[in-house]
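Trainee:
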Amino acid sequence: MLLLWLYGVMVVGAVSRSAVQISTEFDKAPLAYSLSAVAGLVYGFITYSLVRGGETARRAALVCCAAELVGVLTVGTWTLVEPSAFPDATVWSDYGIGYLFIPVLLPLSAMYWLRKARTADRSA
């Protein structure tokens, strides 16, 4: 339930942030704002998959969480190595420091929980 709640909060945060930034100042940092929108969509899909449940949704959520982690690590490293590429922060900048590192911790937690839930389902 906590994972679902955190993903829901991240959907609202990332989508709201990117919508405001894209609609008011897109020319300032188009890459950063577009990546925040992508993060919001990824969070939304994972939230939907967790709510839907079932084996197919669980696998889809697991794949998306892995993609999310790759995105967070890539963008986080990119913002540290080449900060001039990001004149403004994204949700995943500096590994999610603006969101208390939740963007890097959330996919790790979700993947652990999804794998553990799969193991528990198989043993039942």
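In terms of this note's numbering, the sequence shown opens at residue 2 and continues consecutively.
For each residue, glycine too, the CB sits at the ideal point set by N, CA and C.
Assuming W79 and L4 are in contact, meaning their beta carbons sit under 8 angstroms apart, how far apart are those beta carbons, in whole angstroms?
Mentor: In the sequence shown, counting from the first residue as 1, residue 79 sits at position 78. In the sequence shown, counting from the first residue as 1, residue 4 sits at position 3. Not quite, the Cβ-Cβ distance comes to about 26 angstroms (not below 8 angstroms), so this is no contact.
Trainee: Going by DSSP, what residue range makes up the alpha helix (DSSP H) through T91?
Mentor: The sequence position of residue 91 within the sequence shown is 90, counting from 1. No alpha helix (DSSP H) holds T91; DSSP gives it neither H nor E.
Trainee: Report the CB separation of A20 from V43 in whole angstroms; it is logged as a contact under 8 angstroms.
Mentor: Here the question's residue 20 lines up with position 19 in the sequence shown. Here the question's residue 43 lines up with position 42 in the sequence shown. That belief does not hold up - the Cβ atoms of A20 and V43 are roughly 15 angstroms apart, past 8 angstroms.
Trainee: Drop a sphere of 10 angstroms on the beta-carbon of V52, count the other beta-carbons inside from all chains shown, and report buried for 16 or more, exposed for fewer.
Mentor: Position 51 of the sequence shown, counted from the start, is the residue given in the question as residue 52. By the neighbour-count rule (16 or more Cβ atoms within 10 Å), V52 is not buried but exposed.
Trainee: Are the CB atoms of C66 and M112 within a distance shorter than 8 angstroms?
Mentor: Mapped onto the sequence shown, residue 112 falls at position 111. Mapped onto the sequence shown, residue 66 falls at position 65. Result yes, Cβ atoms of M112 and C66 sit closer than 8 angstroms.
Trainee: Give the straight-line distance between the Cα atoms of R116 and V92, rounded to the nearest whole angstrom.
Mentor: Here the question's residue 116 lines up with position 115 in the sequence shown. Here the question's residue 92 lines up with position 91 in the sequence shown. Each residue's Cα considered, the two are about 26 angstroms apart.
Trainee: Can you give me the start and stop residues for the alpha helix (DSSP H) that L101 sits inside?
Mentor: Indexing the sequence shown from 1 puts residue 101 at position 100. Per DSSP, L101 belongs to no alpha helix (DSSP H) and is neither H nor E.
Trainee: Output the distance between the C-alpha atoms of S50 and S17, rounded to the nearest integer angstrom.
Mentor: Working through the sequence shown from its first residue, we reach residue 50 at position 49. Working through the sequence shown from its first residue, we reach residue 17 at position 16. Each residue's Cα considered, the two are about 21 angstroms apart.
Trainee: Which residues bound the alpha helix (DSSP H) around S35?
Mentor: Translated into the one-based positions of the sequence shown, residue 35 becomes position 34. P31 to R53 is the extent of the alpha helix (DSSP H) around S35.
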